[in-house]
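Protein chains: 2
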Amino acid sequence: EIVDAVNLALGSGPLKGKRILVTSGPTHEPIDPVRYIANRSSGTQGTAIAKALVKLGAEVIFVTGPADAPRPAGAQVIEVQTAREMLEVATSALPVDVAICAAAVADWHIVGAKDRKLKKSKDGTPALEFGENPDILKTLSAPGEARPSLVVGFAAETNDVIENATAKRARKGCDWIVANDVSPETGIMGGTENAVTLITDAGAEPWPRLSKADTATRLAERVKEALLT
Amino acid sequence: EIVDAVNLALGSGPLKGKRILVTSGPTHEPIDPVRYIANRSSGTQGTAIAKALVKLGAEVIFVTGPADAPRPAGAQVIEVQTAREMLEVATSALPVDVAICAAAVADWHIVGAKDRKLKKSKDGTPALEFGENPDILKTLSAPGEARPSLVVGFAAETNDVIENATAKRARKGCDWIVANDVSPETGIMGGTENAVTLITDAGAEPWPRLSKADTATRLAERVKEALLT
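Residue numbers (our numbering), protein chains in the order written: chain A, 1 to 229; chain B, 1001 to 1229.
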């Protein structure tokens, strides 16, 4: 802890001078002024990753949706609501050395969200029109000058985890995918532990079930190795 | 505080022997294992009402959706997720002397919510079918032997507050409506203060802007007067 604090205060540590974007938490997509579509992400894993990277001396830009987890000390925190806002903030943060997209970004938003509360009596049963949200991971992974040297995505799956996550890695063009099984019976979504599989160009590497803090430390170490070796 | 604690410990106070149901918080309506429709209710006002009634010696059954507010000490707390679950628990709590429906209950649920995560790649843009949720306030207000002597509803409006709330009182058959303006610019939804209008058979009675705790105390006093005079 003392070493961490000194690193933080002096801006030292192995990742000194590296600029890392971490997205975290859910997004909320408004239906009307009081209703929204959300997801069960607590932001715990993304927050732990930001903390672990701060400890290693990185400059962390932490873009979070409305999450319960306390914000990571030492990171530059930017709070957003929707996927569209998250993309805007994430792309404004470029250039970065690494982008870690841990947010559970909504795939869809409601087209024409209302600025007054929908009323059952007047409006009947709503027919909500969904529009596809921008794909933040794919956008950050696209080849070009601004592409971070390392882009890490997450895949929260409820079935065929490795197959789905491997396909996601190819489809998005990111370097790594941190895949996990968020079926309710695992207790991972909203819980304190995680059991991930790291998907890289070398294949699928299952990690043991660890606290989210230890999963974050392990991922931060891998980021360090990737950047410095 | 000491008097409160003594009242609580001895089960004394002016509402001793009165059984009061309070619903509170949002409901969450699942779309799939990770996504849901929610609303911005924090549960603060409902929780404050439960506390104020406990202070007056009532036996409080507190049925809450997933809310941030700490649960009220001294109440019997039952946690639910969906509107359908809330109705089931509320009706099982009958008979009660008073029902205060402060929960921001979702009007709709998703018909055929999926037990696996919807995937953008395979499932395309979802066409969610909405079904109307049961109307808890109307159900509790329906004439009959089990009807509480006093049923209080809430109306969170963004426009034409008194007109909408007065119409809601007639439509639901409840005795009182506590109406407020939850337009984002009021800061009331999720905030610490409230500015309500009490709608009774005598008309609309605007209350000053008060803390949610003071609004609760005032409402609890009115409940006491209605029951005891």
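Ideal Cβ placement from N, Cα and C applies to all residues, glycine included.
- Rounded to the nearest whole angstrom, the C-alpha separation of ASN1133(B) and TRP1108(B) is 5 Å.
- Runs of alpha helix (DSSP H) with 4 or more residues, each lying fully within the stretch 105-192 of chain A, are found at 120-123, 136-141 and 161-172, listed in chain order.
- The C-beta separation of PRO66(A) from PRO26(A) comes to about 7 Å, placing the pair in contact by the 8 Å criterion.
- Residue environment for ASP175(A): buried (at least 16 other C-beta atoms within 10 angstroms of its C-beta).
- Burial state of GLY190(A) is exposed, judged by a 10 Å Cβ sphere holding fewer than 16 other Cβ atoms.
- By the Cβ test, the stretch 76-91 of chain A is not in contact with the stretch 1075-1093 of chain B, since fewer than three Cβ pairs between them sit closer than 8 Å.
- C-alpha of ILE1177(B) to C-alpha of ASP1068(B): approximately 24 Å in a straight line.
- Here the stretch 1205-1215 of chain B does not lie against the stretch 50-61 of chain A, with fewer than 3 beta-carbon pairs under 8 Å apart.
- Within chain A, the C-beta atoms nearer than 7 Å to that of SER1183(B) come from PRO33, in chain order.
- Distances from the CA of GLU1029(B) to each of LYS1051(B), VAL1022(B), SER1042(B) and VAL1105(B) were compared; the closest alpha carbon is that of VAL1105(B).
- The stretch 44-56 of chain A makes contact with the stretch 213-221 of chain A; the number of CB pairs closer than 8 Å reaches 3 or more.
- Take VAL1151(B), set aside five residues on each side of it, and the residues of its chain with a beta-carbon closer than 6 Å to its own are ALA1099, LEU1140, SER1141, CYS1174 and ASP1175, in chain order.
- Leaving aside the five residues that flank ALA165(A) on each side, the residues in its chain whose CB is nearer than 6 Å to its CB run, in chain order, ALA155, ILE177, ALA179 and ILE199.
- At a beta-carbon threshold of 8 Å, the residues of chain B lying near ASN39(A) are VAL1034, ARG1035 and TYR1036, ordered along the chain.
- A straight line joining the alpha-carbon of ASP1181(B) with that of GLY13(A) spans about 51 Å.
- Residues of chain A with a Cβ closer than 9 Å to the Cβ of ASN1159(B) are, in chain order, ARG116 and LYS117.
- Taking the beta carbon of PHE130(A) as reference, the chain B residues within 7 Å of it are THR1125 and PRO1126, listed in sequence order.
- Closest option to SER24(A), judged by alpha-carbon separation, among ALA103(A), ILE37(A) and LEU94(A): ALA103(A).
- By alpha-carbon distance to VAL1022(B), the top candidate from ARG1071(B), SER1183(B) and ILE1031(B) is ARG1071(B).
- Judged by DSSP in its simplified three-state form, ILE49(A) adopts helix.
- One thing to note: ILE49(A) has its Cβ no nearer than 8 Å to the Cβ of VAL96(A).
- Between THR47(A) and ARG1116(B), the alpha-carbon positions lie close to 26 Å from each other.
- Across the stretch 1133-1163 of chain B, CB contacts with chain A closer than 8 Å involve ALA1156, GLU1157, THR1158 and ASN1159, in sequence order along the chain.
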